[in-house]
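Below: one structure, written as structure tokens.
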């Protein structure tokens with residue numbers, strides 16, 4: 002509970018348009034413990050049971066059009082894919098020059114014995130991304146539990162676009178730097194990924210930057226990923 006409180010206060014400081022949350026247990030108790038912040042966001046959970054995902058949207062710039070959940074039929078850990086269709090604006094008014102966008106998050110199956118199920122879930126994510134309408138860019142972000150070689154292999158098969166590999170963001174799950182958990186075999190891996198499928202029609206969304214945030218020795222081994230994107234409008238008269 003303390004960790005999530007710290008996280009929400011950090012969100013209020015960063016003030017992102019869209020936030021992916023992949024391991025949630027007390028979303029409402031914590032988010033609505035900050036009334037001034039809660040009034041300014043939409044919070045869409047991926048489940049009503051403990052240990053789930055959620056997406057937070059900044060009301061002044063993002064309008065929720067539709068939400069849905071894609072189930073993983075063979076999951077043993079109650080995992081799923083949360084998908085939202087939204088409109089996002091360059092201004093603090095979603096009714097003005099809003100761009101359509103599809104955002105997704107998931108916390109995929111973990112641990113080595115579940116590797117086959119993990120690959121099935123990854124396939125479901127990329128298939129769902131491809132199926133979205135062509136005038137919408139699709140941004141997936143979440144805890145994939147994928148190794149780098151698995152991502153590269155999947156990209157060749159699906160044409161999903163991986164948002165770069167900046168050296169300073171190489172590890173998002175880091176039990177070496179964050180040794181508070183005192184694991185017997187510390188390791189660091191890139192488990193958290195951002196995937197982008199650009200629209201083939203209409204406005205284009207392009208990656209602009211990525212950095213790690215929340216670099217404190219808390220009881221969670223994951224760092225946060227702060228990503229920025231640029232929306233290329235159809236008209237040059239429209240600001241990015």
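Residue numbers (my numbering): 2 to 241. Built from N, CA and C at the ideal position, the CB exists for glycine as well. Predicted model only: the values in this text are computed from it and were never measured.
Run of the alpha helix (DSSP H) containing residue 116, from where it starts to where it stops: Numbered from 1 along the chain shown, position 115 holds the residue referred to as residue 116. It spans 116 to 132 - the alpha helix (DSSP H) in which residue 116 sits, taken as one unbroken run.
As assigned by DSSP and simplified to three states, the class of residue 90: Numbered from 1 along the chain shown, position 89 holds the residue referred to as residue 90. Here residue 90 sits in coil by DSSP.
As assigned by DSSP and simplified to three states, the class of residue 147: For the purposes of this step, residue 147 is identified with residue 146 of the chain shown, where counting begins at 1. Correct three-state label for residue 147: coil.
Nearest residue (CA-CA) to residue 86, options 102, 72 and 73: Translated into the one-based positions of the chain shown, residue 86 becomes position 85. The shortest C-alpha separation from residue 86 is found at 102.
Candidates 143, 131 and 60: closest to residue 195 by CA position: The residue you call residue 195 lines up with position 194 of the chain shown. Ranking the options by Cα distance to residue 195, first place goes to 143.
Nearest-angstrom Cα separation, counted from residue 100 out to residue 89: By one-based count along the chain shown, residue 89 stands at place 88. By one-based count along the chain shown, residue 100 stands at place 99. Rounded to the nearest angstrom, the two C-alpha atoms are 5 Å apart.
Member of 126, 16 and 173 whose CA lies at the smallest distance from the CA of residue 61: Within the chain shown, residue 61 is the residue found at index 60, counting from 1. Taking only the C-alpha atoms, the option nearest residue 61 is 16.
Residue 113 (DSSP reduced to helix, strand or coil): As a first step, residue 113 must be located in the chain shown, where it is residue number 112. In this structure, residue 113 counts as helix in the three-state DSSP scheme.
C-beta contact flag for residue 48 and residue 58 at 9 Å: Here residue 48 refers to the residue found at position 47 when the chain shown is read from its first residue. Here residue 58 refers to the residue found at position 57 when the chain shown is read from its first residue. Residue 48 places its beta carbon 9 Å or farther from that of residue 58.
Local Cβ density within 10 Å of residue 110, reported as buried at 16 or more and exposed below that: Taking the first residue of the chain shown as position 1, residue 110 is located at position 109. Classification of residue 110: buried, given that the 10 Å Cβ count is 16 or more.
Neighbourhood of residue 1 by C-beta, 6 Å cutoff - its chain only, sequence neighbours within 5 removed: Outside the shown range of the chain, which is 2 to 241, sits residue 1, and nothing can be said about it.
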